[in-house]
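Chemist: The structure's right below; bear with me while I get my questions together.
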Amino acid sequence: MSDDHSQTDGMDAAVTDKESIMLDVHPPHAGIHTWKDFFVHIATITIGLLIAIGLEQSVEYVHHIDQLHTARRELAQELDENRAFARKNELQVKITEAELDRDMALLRAAQASHTPPKGKLDYAWTFSRTRDGAWQTVKQNGALGLMPHAELQRYTYVYVVFGAFMDALTAMNMQMDAAAAITRRAPDGALSPRDVDELVTATSDAQGKLAFTARMLQFEERGLAQLQ
């Protein structure tokens, strides 16, 4: 019996606690009794929502502005680096062009005389790779979508040209390496007539690829000038 009485007391206490909790739950404000109170209540809620939305949009706008400024700053730094590389590459194009012209003259003389070339053939190259790390970053983080269309077009143009220049440069370098490999068939320089003929073709191909690379470099410099 004592156990049943204890259980009953526990249940009564639980019910009392529940009722106490339920009694504690009440509207934070006085009830709405008139249409005026209703409209004031709705207006208060609406104004609060508008303020919250306005604050959220303001924060998002400030974030977008900061993101765009950061993107422009990083792209400007990268483009300054690429301008320096473009000047170096322009000089290297002239050097490589002169080297290939000299190689071709030696090879043509060797063909005419049916003797090995009378000088050292040079197919070395040293070009600088354009940078696009900042561009790839802003493409991924969505900053490009914040730019005006005309500005975005200028950036897109110059980075597409960067890619075309690097493709052309890679093709030219591969051709230079192929020609250099032919010269190594005769470490003493005594190339056979067949080697000389192959080198004439390889050198001519390298000259053509260098000319295309130079053209892409001109487009690159034009695009860079538009973003100054």
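Basically this note's numbering = 1-based index in the sequence shown + 21.
Glycine included, each C-beta is placed from N, C-alpha and C at the ideal position.
1) Quick one: give me the first and last residue of the alpha helix (DSSP H) that Ala-185 is part of.
2) Spatial neighbours of Ala-199 within its chain, please: CB distance less than 7 Å, with the 5 preceding and 5 following residues excluded, ordered by chain position.
3) Just verifying my parser: in three-state terms, what is the DSSP assignment at Pro-138?
4) Counting Cβ pairs, one atom from each stretch, are 3 or more of them under 8 Å apart for the region 181-199 and the region 146-166?
5) Return the chain-ordered list of same chain residues with a C-beta closer than 7 Å to the C-beta of Ile-203, the five sequence neighbours on each side being excluded.
6) Can you check which of these residues, Leu-142, Asp-188, Leu-89 and Ala-227, is closest to Leu-159 by C-alpha distance?
7) Might you give, ordered along the chain, the residues of its own chain that have their beta carbon closer than 7 Å to the beta carbon of Ile-74, omitting 5 neighbours on each side?
8) Look at the alpha carbon of Lys-139 and the alpha carbon of Met-125, and state the distance between them as a whole number of angstroms.
9) Restricting to Cα atoms, I'd like to know which of Ser-225, Glu-95, Gly-244 and Arg-236 is closest to Leu-121.
Modeler: Taking the geometry as given:
1) Stepping through the sequence shown from its first residue, residue 185 is reached at position 164. Element bounds for Ala-185: 170-204.
2) Counting from 1 along the sequence shown, the entry for residue 199 is found at position 178. The answer, listed in chain order, is Ala-223.
3) Translated into the one-based positions of the sequence shown, residue 138 becomes position 117. DSSP places Pro-138 in coil when its eight states are reduced to three.
4) Using a Cβ-Cβ distance cut-off of 8 Å, the region 181-199 and the region 146-166 are in contact, since at least three pairs of beta carbons, one from each stretch, lie closer than that value.
5) Taking the sequence shown and counting its residues from 1, one reaches residue 203 at position 182. Correct list, in chain order: Asp-216, Glu-219, Leu-220 and Ala-223.
6) For this step, residue 159 is matched to residue 138 along the sequence shown. For the sequence presented, residue 159 should be read as Val rather than Leu. The option with the nearest alpha carbon to Val-159 is Leu-89.
7) Translated into the one-based positions of the sequence shown, residue 74 becomes position 53. The answer is none, since no qualifying residue turns up.
8) Walking along the sequence shown from the start, residue 139 turns up at place 118. Walking along the sequence shown from the start, residue 125 turns up at place 104. Cα to Cα, the separation comes out at about 12 Å.
9) The residue labelled residue 121 in the question sits at position 100 within the sequence shown. Closest option to Leu-121, Cα to Cα, is Ser-225.
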